[in-house]
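K.L.:
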Amino acid sequence: SQTIHQWPATLVQPVGSPLSLECTVEGTSNPNLYWYRQAAGRGLQLLFYSVGIGQISSEVPQNLSASRPQDRQFILSSKKLLLSDSGFYLCAWTHPGGEEQYFGPGTRLTVT
Amino acid sequence: KNQVEQSPQSLIILEGKNCTLQCNYTVSPFSNLRWYKQDTGRGPVSLTIMTFSENTKSNGRYTATLDADTKQSSLHITASQLSDSASYICVVSVYGNNRLAFGKGNQVVVIP
Chain A
6 SQTIHQWPAT LVQPVGSPLS LECTVEGTSN PNLYWYRQAA GRGLQLLFYS VGIGQISSEV
66 PQNLSASRPQ DRQFILSSKK LLLSDSGFYL CAWTHPGGEE QYFGPGTRLT VT
Chain B
335 KNQVEQSPQS LIILEGKNCT LQCNYTVSPF SNLRWYKQDT GRGPVSLTIM TFSENTKSNG
395 RYTATLDADT KQSSLHITAS QLSDSASYIC VVSVYGNNRL AFGKGNQVVV IP
């Protein structure tokens with residue numbers, strides 16, 4: 006069976022510090038991968054998606070970036086965090102060509 | 335613009351009672367509609383998925399309906415349990431590009 010992991014579960018970082026969130030998927034090959042942000046009282050906002058290694062599409066211009074160094078690894082990064090980066094970050098995957106998205110457990114990021 | 339509106343934003347119900355959540359969308363062209371359950375601090379989990387030709391789908395005590403003509407969907411929870419306390423998110427898929435439009439969710443609190 007397939008599983009999706011996110012690390013860390015919670016994170017408190019000061020403004021201006023770097024960020025690295027990791028997402029890994031097990032039990033499948035060549036998944037499509039997605040990063041979402043969920044702010045309090047708002048819907049999920051798609052940040053990045055990837056259909057393969059090194060292939061990243063950005064949905065929203067911001068100070069975040071994403072990378073896919075391995076087939077089942079998706080990383081969300083920032084060089085300098087802003088207060089507005091606080092939120093709940095969700096990683097999701099689909100089968101290639103599939104539509105059903107499977108979400109990870111999420112990372113709660115608080116920028117202070 | 336593809337939008338998904340959910341109502342009520344939040345509600346409190348007594349354990350054992352039924353409730354109905356509403357989702358209206360303007361997504362076009364339509365591919366499918368999903369309802370997700372998101373426990374606090376966790377990733378969303380799929381409850382039901384319906385295509386254009388389906389007008390009802392059940393998953394245990396959860397029953398979703400779809401009226402593609404009026405672009406409305408509902409999620410009915412029967413005999414609510416304390417574990418039903420969560421946010422219920424309506425997600426509509428755009429046909430042809432796998433893009434998703436997310437509602438902000440219905441926050442349900444079940445009290446004993």
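Line order of the protein sequences matches chains A and B.
To convert, note that position 102 of the first sequence is 107 in the working numbering; the numbers rise steadily by one, no gaps.
To convert, note that position 53 of the second sequence is 387 in the working numbering; the numbers rise steadily by one, no gaps.
For glycine and all other residues, C-beta sits at the position ideal for the given N, C-alpha and C.
Just how far apart, CA to CA, sit GLY375(B) and THR33(A)?
P.N.:
Numbered from its first residue, the second sequence carries residue 375(B) at position 41. Numbered from its first residue, the first sequence carries residue 33(A) at position 28. For GLY375(B) and THR33(A), the distance between alpha carbons rounds to 25 Å.
K.L.:
Within 8 Å (strictly less), CB to CB, does PHE108(A) reach chain B?
P.N.:
On the first sequence, residue 108(A) is found 103 positions in, with the first residue counted as 1. It does: the Cβ of PHE108(A) has a partner Cβ on chain B nearer than 8 Å.
K.L.:
Which residues in chain A have a C-beta closer than 9 Å to the C-beta of ASP383(B)? List them in chain order.
P.N.:
Position 49 of the second sequence, counted from the start, is the residue given in the question as residue 383(B). Residue identity check: residue 383(B) is Ile in the sequence provided, not Asp. Those within 9 Å of ILE383(B) in chain A are GLU104, GLU105.
K.L.:
Identify the continuous beta strand (DSSP E) that holds ASP401(B) and give its terminal residues.
P.N.:
Taking the second sequence and counting its residues from 1, one reaches residue 401(B) at position 67. ASP401(B) -> beta strand (DSSP E) spans 396-401.
K.L.:
Where does ASP403(B) land, buried or exposed, given buried means 16+ other C-beta within 10 angstroms?
P.N.:
Counting from 1 along the second sequence, the entry for residue 403(B) is found at position 69. Answer is exposed; the Cβ neighbour count stays below 16.
K.L.:
Checking 8 Å against the spacing of the C-beta atoms, do LEU86(A) and GLN18(A) come in under that value?
P.N.:
Residue numbering aside, residue 86(A) sits at position 81 when the first sequence is read from its first letter. Residue numbering aside, residue 18(A) sits at position 13 when the first sequence is read from its first letter. In contact: LEU86(A) and GLN18(A) (Cβ atoms closer than 8 Å).
K.L.:
Touching or not, the stretch 16-30 of chain A and the stretch 410-420 of chain B, by the rule of three or more beta carbon pairs under 8 Å?
P.N.:
Taking 8 Å as the limit for Cβ pairs, the verdict is that the stretch 410-420 of chain B does not touch the stretch 16-30 of chain A.
K.L.:
Against LEU24(A), what residues of chain B qualify as contacts under a CB-to-CB distance less than 9 Å, listed in chain order?
P.N.:
Locating residue 24(A) in the first sequence gives position 19, counting from the first residue. Correct list: empty, because the minimum Cβ distance to chain B is about 19 Å.
K.L.:
Any beta carbon from chain B within less than 8 Å of ARG77(A)'s own beta carbon?
P.N.:
Stepping through the first sequence from its first residue, residue 77(A) is reached at position 72. False, the Cβ-Cβ gap to chain B never drops below 8 Å.
K.L.:
Of all the options VAL116(A), THR112(A), TYR107(A), TYR41(A), which has the alpha carbon lying nearest to the alpha carbon of ILE383(B)?
P.N.:
Here residue 383(B) refers to the residue found at position 49 of the second sequence. Among VAL116(A), THR112(A), TYR107(A), TYR41(A), the Cα nearest to that of ILE383(B) is on TYR107(A).
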